[in-house]
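In our numbering, the protein residues as written are 1 to 255. Idealized CB from N, CA, C, for every residue including glycine. Notes for the one structure printed next.
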């Protein structure tokens, strides 16, 4: 009898654990932060959202070669390659600020996408190009998508808490590895930065009515980097002259 009760208790514990774990996974999915949620698509991982936007892409999408662009509004765009029959290749883009740029190198894949190494304001940056096309002009739209962000009220607060001198900078991690690895180099659009908030806007995604941040950050040498970010990446509103540091993903576009 005691043995049976022990088995029942153990079974209840296992069931309870899996119910708890399922609940935790469900909560993580509900709060998923991604490049899509950086633009107010907080439920982009749900099948219903994909289905709705896929249908809109088919009927409203603007064709450019093998790519199609769906303009959501307020600078938000979604790009896809419908010929593949798989809209998991949806790529988000936000058309904010244009920069003079020199194309140094391009790397393509069989999927029709690719990366471009750009020289922008003296900085060498590796960006994912949306959509991928050969470099056509001396200007590109460049936007950083938030991955990790931390804000400090002032330079003094930053230096006090971090115990390091503040420095404005924007560093493409992949660009640092480019010469080191040669032909074995694998491009990535990840970058780290530190700078001062020069301007910010609370934006609305017209498709979802959800908010996202557009934060322009002075990263030095006159380079004002536009960053779009899920508000959950920051524990408070950004303010002008705040120190902002973190990691971003760089996307560029000429079209």
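Three-state class that DSSP yields for residue i in the structure shown
i: residue 36; result: coil
i: residue 45; result: coil
i: residue 208; result: coil
i: residue 213; result: strand
i: residue 231; result: helix
i: residue 54; result: helix
i: residue 134; result: coil
i: residue 82; result: helix
i: residue 254; result: coil
i: residue 59; result: helix
Boundaries (first-last residue) of the alpha helix (DSSP H) holding residue i
i: residue 161; result: 155-162
i: residue 181; result: 173-181
Own chain, CB closer than 6 Å to residue i, minus 5 neighbours either side, in chain order
i: residue 101; result: 118, 120 and 140
i: residue 98; result: 139 and 141
i: residue 187; result: 107, 115, 126 and 174
i: residue 23; result: Low per-residue confidence applies at residue 23: pLDDT is 39, beneath 50, and the placement is therefore not dependable, though the value from the model is reported in the following sentence. There are no such residues.
i: residue 151; result: 234, 238, 242 and 244
i: residue 37; result: 230
i: residue 168; result: 195, 219 and 220
i: residue 253; result: 93, 130 and 141
Whole-number beta carbon distance between residue j and residue i, since they are thought to touch under 8 Å
i: residue 233; j: residue 149; result: 5 Å
Delimiting residues of the beta strand (DSSP E) encompassing residue i
i: residue 145; result: 139-152
i: residue 166; result: Residue 166 -> no beta strand (DSSP E), and no H or E assigned at all.
i: residue 238; result: First-last for residue 238: undefined, no H or E at that position.
i: residue 104; result: 102-108
i: residue 67; result: 67-73
i: residue 114; result: 114-120
i: residue 91; result: 91-94
Cut-off 7 Å between Cβ atoms - residues of its own chain near residue i, not counting five sequence neighbours on either side
i: residue 201; result: 214
i: residue 248; result: 144, 145, 146, 147, 191, 193 and 227
i: residue 177; result: 185
i: residue 105; result: 117
i: residue 32; result: 45
Same chain, Cβ closer than 8 Å to residue i, five either side skipped, listed in chain order
i: residue 78; result: 53, 57, 69, 70, 72, 90, 91, 92 and 93
i: residue 74; result: 203, 204, 205 and 206
Counting pairs of beta carbons, one from the region 196-208 and one from the region 217-235, are three or more of them closer than 8 Å?
yes
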